[in-house]
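For any residue, its number in this note's numbering is found by taking its place in the sequence shown, counting from 1, and adding 802.
Glycine included, every Cβ here is placed at the ideal spot set by N, Cα and C.
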Amino acid sequence: GCGGCSSSLPKRTAPKVCYKCGERGVCAPRGDVICMECLVGLMQKAVRNTLTRTRSSAPQEHLLLGFSGDGGSLALASLIKEARDSLKGKKYGLTVAWVREA
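Rendered as structure tokens:
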């Protein structure tokens, strides 16, 4: 595998280049090999799209992020901050709440 993702293709027959840009691939989340830069770009786009789909008449939306302190929480917090900073015209407040995992 390639970290936390799995590929249905056997390791020796899997293509080694990113399906989006042709660079060296690092992960195959759905059978398509992708490089780290394109993977991060896709995640940023998904977060931005989720934020822009929010249809509110309020001048400012407020986001609450549960944060456990692990790598996944840190990555999501970073993606949300980048998406929030890149959106023009719509402002989002952000509150982070620490969540203890049992």
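Determine the burial state of residue i: buried for a count of at least 16 other Cβ atoms within 10 Å of its Cβ, exposed for fewer.
i: residue 885; result: buried
i: residue 868; result: exposed
i: residue 833; result: exposed
i: residue 830; result: buried
Does the distance from the C-beta atom of residue i to that of residue j stay below 9 Å?
i: residue 827; j: residue 865; result: no
i: residue 850; j: residue 889; result: yes
i: residue 863; j: residue 840; result: no
Which value, in whole angstroms, describes the spacing of the CA atoms of residue i and residue j?
i: residue 901; j: residue 875; result: 10 Å
i: residue 819; j: residue 845; result: 19 Å
Please identify the residue among the options whose C-alpha is closest to the C-alpha of residue i.
i: residue 837; options: 883, 823, 899, 849; result: 823
i: residue 897; options: 840, 882, 831; result: 882
i: residue 904; options: 872, 878, 849; result: 872
For residue i, I'd like the list of residues in its chain whose CB is within less than 8 Å of its CB, leaving aside the five on either flank, ordered along the chain.
i: residue 879; result: 867, 869, 898
In chain order, what residues of the same chain have a beta carbon less than 7 Å from the beta carbon of residue i, not counting five sequence neighbours either side?
i: residue 821; result: 834, 835, 836
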